[in-house]
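First comes the structure, then the notes that go with it.
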Amino acid sequence: MNFSDMTALQLGQYLHQKEIAVGEVLDAVFEQIDKREEELHCYITLDREGVYRQAERIQSCILTGEIPSPLAGVPISVKDNLCTKGLRTTCGTAMLENFVPPYDASVVERLREAGMLIIGKTNMDEFAMGSTTETSYFGVTRNPTDPSHVPGGSSGGSAASVAAGEAFAALGTDTGGSVRQPAAYCGVYGFKPTYGTVSRYGLIAYASSLDQVGFFTKDAADSAALMQYTCIRDRKDATSVGLSDPGMLEKIWKAAISKERQNQGELFDESTANRMKGKRIGILKEIPGVNVAPAIQKAVREVGAIFEGMGAEVEEYEPTMWEYGLCAYYTIAPAEASSNLGRYDGVKYGLRKDREELHDMYLATRTAGFGEEVRRRILLGTFVLSRSYYDAYYQKAMKVRRLLTDELGRAFGRFDLLLGPVSQQTAPKLGVCLQDPVQMYLGDLFTTPANMAGMPAISIPCGCDEKGLPVGVQLMADRFRDKELLQTAYLCERKGISCRNTKQ
Amino acid sequence: MQEYETIIGLEVHIELSSATKIFCGCSASYGGRPNSHTCPVCLGMPGTLPVLNKAVVEKALAVCLALECKIQTECRFDRKNYFYPDNPQNYQITQRYLPIGEDGFLEIETPDGGKRIGITEIHMEEDAGKLVHMEGNRETLIDYNRAGVPLIEIVTQPDFREADEVISFLEKLRHVITYLGAGDCKLQEGSMRVDVNLSVHHAGELLGTRTEMKNLNSFRSVVAAIASERKRQMDLLDSGGEVILETRRWDDGCMNSFTMRSKEVAEDYRYFPEPDLPPLKITGQQIEQARNSLPEFREERRDRLIRQYGLSREDADLITDSRILAELFEKTVSFGVSPKQVSNWLIGETMRILREKEMDPGELAFSAEHFASLISLCAEKRITNAVAKNVYEKMCIRDFDPNRYVEKNGLEMMTDLTDLTETVKNMIARNPQSVADYRAGKDKVIGFLVGQTMKATGGKADPNLAAQLLRSLLSET
Amino acid sequence: MDNRITDETVEEMAALAKLELSENSLTLVRADMEQLLDYIARMEELDATNVEPLYAIGANECPLREDLITNDDGREQAMDNAPATTGELFVVPSSF
């Protein structure tokens, strides 16, 4: 049986109906990994032994009928900035090359409780700072569609692992687009929940007020299922709120499972069509001076047209604050990072470069432990928080954040969803982006607003461009409207709008 | 030469007495094996997050109210960034921009009458770990047990003019804090730390540059440091020099202070709001509740005890010095014993035992009911004073019912006259020299003989009765 | 705002962040910072005089934790990942 194309929920079904064994699935996954890892390098650490042990436990649960969730037994990969107890967590940096956390991130704990199997830790830009996974201390990850191109970043390894069949789903983190952009580049779904709905405990912090755990999946229903089991308020995270009534998400993926089994081949029906009637969609107007690749523009227009065909009201939306928002993002994120990364000093854990004197040790350790991009952002962050610059930069950025969030709030008074590009281009070639940092930062224009305002957003794969590289389209909703967002994304799929790139 | 005026302000750090640290569930108690009171959160491990302790907020709120501060109904935490090994995250979570309390005061007594010392602000923050510098091999050892222990910082206005005022303030502050049960304020243990800001100037002229003095480990050090720094600044100015803004470290050994090694003189702490903690909202209701549960403070209680129980001012003063003893007093009286007797016991035996055994009133084991029983036993002459004191000392360490104890161990006062007479006769027979001395007119000898009788009877003889018997027997012959 | 910064400022910031700057890299780093500061300074175009900064994006009220000891002896765990210890205490070179 070829199950490598299945979604996580589909696989779960087959496992729970005992049509395949968990061990078999793992064998197939590792076969794929052995086939492609050398070229793609999605993983920093693979936990072969550990995951087979987990598999045994889940298999016995399945046999006794005590199945913890519809996702039980499904192998998932985890971005290496999410702590896994007893399993090395490097955050893509030399500083934590040998760090083994004695605790799980809360989101990892939830998925273990749901019975998911953690295959390994995926490659990422160092400390999640980057858009191509090229700043990783452990080498680059390549795009499964075309290995001479980047997979995107900072969660490149996670995105690539799902696209390449090396995992059925993946955990990533999104601070300025780090889940949505690599999802678009690799041709998979990338979902960033509302800030505060998924716990940040155990997420190695880059920018605390912007970081959020996100999911890479083969379809929207899988994201809904993952979200349901993780959007619980966590007492270990004071900023956590959870999602009220997560059970609503169940409707989405239950529908997916039942339809899959009943209506093989039928992608669209009356009831799904009615869901879009009267929905108000804001389609992002072109921003002067910002060049979006034609294939991407086309995909956005097509999706808009299809929504219209289904009875939605589609209008143009013209944001005024997004470019300023990007400046504010590159003020706030480095500022918080400069403080969050202060703890890496060789004293309690991580890398240490021994010296005779304390401050020399700090200097040597941090200079050796951090790569260029990380040092750049720490330095920038130090500047904007310093006495002479605090008001003009940091305070100003916090005010711009308010203006941007208010503008988006008003937009969601007019619209139910915002539709637009995820990035200006499809996956660039390796070795190109790092040459011009500011140019690279500009690539985050469409994704950062959702982080700044704490709103949910999803990247939906919509075919490829003329070079065969995947194209992604972004849908955004107001805070706590995660369910509506996922529902619409699910509809896109049923309607055949979106299809992931299955080329492996 | 014109007189110099001294201006002094204080920054007082107080360790709050919660069971756990401010941002994690580790024990906040003093002592404990090094690094045993730690967890990933207070060690600043990657991915960990702070969660605020309810008791810390309650105690901080109580202190703010007791010091008449205006409460910030929406206060925030901020990060203070600097590198130092006692600080696991290399930032301290504190309250820079919106502290919990502002604009309060505390009244002190001075020879010229009452004086109000202004409190600029009170804020919550976390303590750092402890460093031990090893001279020999140029190494520093770190214990993070104290990292994350909750502190409040109390900043006063520069309203002090004399060292005496400072001591008066600190004593009163300590009293308030301990009365609230918010902290134990022991300078020597570091649960209360005082930094002194001092400047001098000629009356009528502009204020002088101030210096900050740290490492003051006792009230004596505070007094000495103030005198020393005052003189140093005056001498400096008199000789045409300038006082520079600096932090100095007091040294008890040489009774002098030194400039602290380039201690981040202009260090930029890059304060910014703590993104991991949402704003702390304090409702009007919470404030009212806290205000209503403020304990009666010393003066009010003292005056009330005088009124209600007829205690002398002196006795009331002694008892109300400790909130626990004052409460014990009232509770014990409620079991039907006379206030005068309870107060005698407290001022006499109890305080002696506390002193000798270096115990805190909070460590006394006995219940008020058992205390009342003991006092009754003694007052009703069912046991002797000697036996009572003995039993009491045991009760201080371990609580038990004195009635049962006395019964079980047969400690009742000897009532059998025959037995006592027998014993007394033995004492007389065994101490011919004392008898001779008594007959020679040394009346004090009776005391010695009574003592011997007490010893022989395990303290159960009624000393007065024994004395009577001795006199009558000795005068017979 | 003139975003020209001096070498001294860069050195100060690097010292605050505990990052080493080699002789040759100082000029490059300064130019780098100037470019970045130039970029984010575009925010100046916006008038935000009466705007309140946005601080809390998740929960808008600080949750409180009961004052109960939930952690056991953490010494072993603390020592496990540490680069240098006496078995009980962390060891670092002294500062001088």
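Protein chains in written order, with this note's numbering: chain A, 2 to 505; chain B, 50 to 526; chain C, 940 to 1035.
Built from N, CA and C at the ideal position, the CB exists for glycine as well.
If you're wondering where the values come from, they're calculated on a predicted model, not measured in any experiment.
Is any beta-carbon of chain A found at less than 8 Å from that of Glu-959/C?
yes
Quick check on the burial criterion: 16 or more other C-beta atoms within 10 angstroms. Buried or exposed for Phe-1037/C?
In the structure displayed, chain C extends from 940 to 1035; residue 1037/C sits before or after that span and is not available.
Coarse secondary structure for Leu-229/B, derived from DSSP in three states
helix
Residue range of the alpha helix (DSSP H) that includes Glu-158/B
Here Glu-158/B belongs to no alpha helix (DSSP H); instead the beta strand (DSSP E) covers 150-159.
What separation, rounded to the nearest whole angstrom, lies between the Cα atoms of Gly-13/A and Tyr-79/B?
52 Å
Given that a residue counts as buried once 16 or more other Cβ atoms are within 10 Å of its Cβ, and exposed if not, what is Thr-176/A?
buried
Cβ-based contacts, 8 Å cut-off: residues of the region 126-148 of chain B near chain A:
Arg-128, Asn-130, Phe-132, Pro-134, Pro-137, Gln-138, Asn-139, Tyr-140
Own chain partners of Leu-381/A with C-beta closer than 6 Å, once the 5 adjacent residues on each side are dropped:
Pro-335
Indicate whether the contact test is met: 3 or more Cβ pairs, each with one atom in the region 495-502 of chain B and one in the region 514-523 of chain B, closer than 8 Å.
yes
Range of the contiguous alpha helix (DSSP H) that encloses Asn-341/B
333-341
Would you be able to state if there are at least three C-beta pairs under 8 Å between the region 433-441 of chain A and the region 173-189 of chain A?
no
For the beta strand (DSSP E) that contains Thr-55/B, what are its first and last residues?
53-64
Taking the beta carbon of Lys-468/A as the centre, do at least 16 other beta carbons fall within 10 Å, making it buried, or is it exposed?
exposed
Could you spell out the range, first to last residue, of the alpha helix (DSSP H) harbouring Glu-15/B?
With chain B represented from 50 up to 526, any question about residue 15/B goes unanswered, as that position is not in the structure.
Minimum C-alpha distance to Asp-176/B - residue among Gln-141/B, Asn-186/B, Ile-203/B, Gly-167/B
Gln-141/B
Residue burial classification, Phe-217/A (beta-carbon count within 10 angstroms, cutoff 16)
buried
At a Cβ threshold of 8 Å, is Arg-401/B touching chain A?
no
Where Ser-159/A falls, given that 16 or more other Cβ within 10 Å makes a residue buried
buried
Using the beta-carbon count (16 or more within 10 Å), is Asp-417/A buried or exposed?
buried
Along chain A, which residues have their Cβ under 9 Å away from the Cβ of Gly-197/B?
Chain A residues near Gly-197/B: none, gap ~14 Å exceeds 9 Å.
Using three-state DSSP, classify Leu-518/B as helix, strand or coil.
helix
For Thr-1025/C and chain B, any beta-carbon pair shorter than 8 Å?
yes
Leu-326/B touches chain A at which residues, Cβ-Cβ below 7 Å?
Ala-239
Is it the case that the Cβ atoms of Met-952/C and Ser-389/A are separated by a distance below 8 Å?
no
Evaluate Thr-518/A with the Cβ neighbour count: other Cβ atoms within 10 Å of its Cβ, from every protein chain shown; 16 or more gives buried, anything less gives exposed.
With chain A covering 2 to 505 only, the question about residue 518/A has no answer from this structure.
As assigned by DSSP and simplified to three states, the class of Val-243/B
strand
At the 8 Å Cβ level, is Val-314/B part of the contact set with chain C, yes or no?
Unreliable placement is indicated for Val-314/B, whose pLDDT of 48 sits below 50; the coordinate value is still reported in the next sentence. No - not a single Cβ of chain C is within 8 Å of the one on Val-314/B.
Whole angstroms are fine: how far does the CA of Gln-282/B sit from the CA of Ser-240/B?
30 Å
Exposed unless 16 or more other CB atoms sit within 10 angstroms - verdict on Leu-59/B
buried
Compute the Euclidean distance between the alpha carbons of Asp-192/B and Arg-82/B, then round it to the nearest angstrom.
9 Å
What's the C-alpha gap between Ile-174/B and Leu-155/B?
This sequence places Glu at residue 174/B; Ile is not what is there. Cα to Cα, Glu-174/B sits roughly 22 Å from Leu-155/B.
Among Gly-121/A, Val-472/A, Arg-480/A, Ser-156/A, which one has its Cα closest to the Cα of Asn-452/A?
Arg-480/A
Would DSSP call Leu-476/A helix, strand or coil?
strand
Is it right to say Arg-262/A is buried, meaning 16 or more other beta carbons lie within 10 angstroms of its own, or is it exposed?
Bear in mind that the predicted position of Arg-262/A carries a pLDDT of just 49, short of 50, making it unreliable; the figure below should be weighed with that in mind. With fewer than 16 Cβ atoms within 10 Å of its Cβ, Arg-262/A is classed as exposed.
Quick one: what's Leu-285/A bridged to in DSSP?
Tyr-318/A
Which one of Glu-962/C, Asn-963/C, Arg-969/C has the shortest CA to CA distance from Phe-384/A?
Arg-969/C
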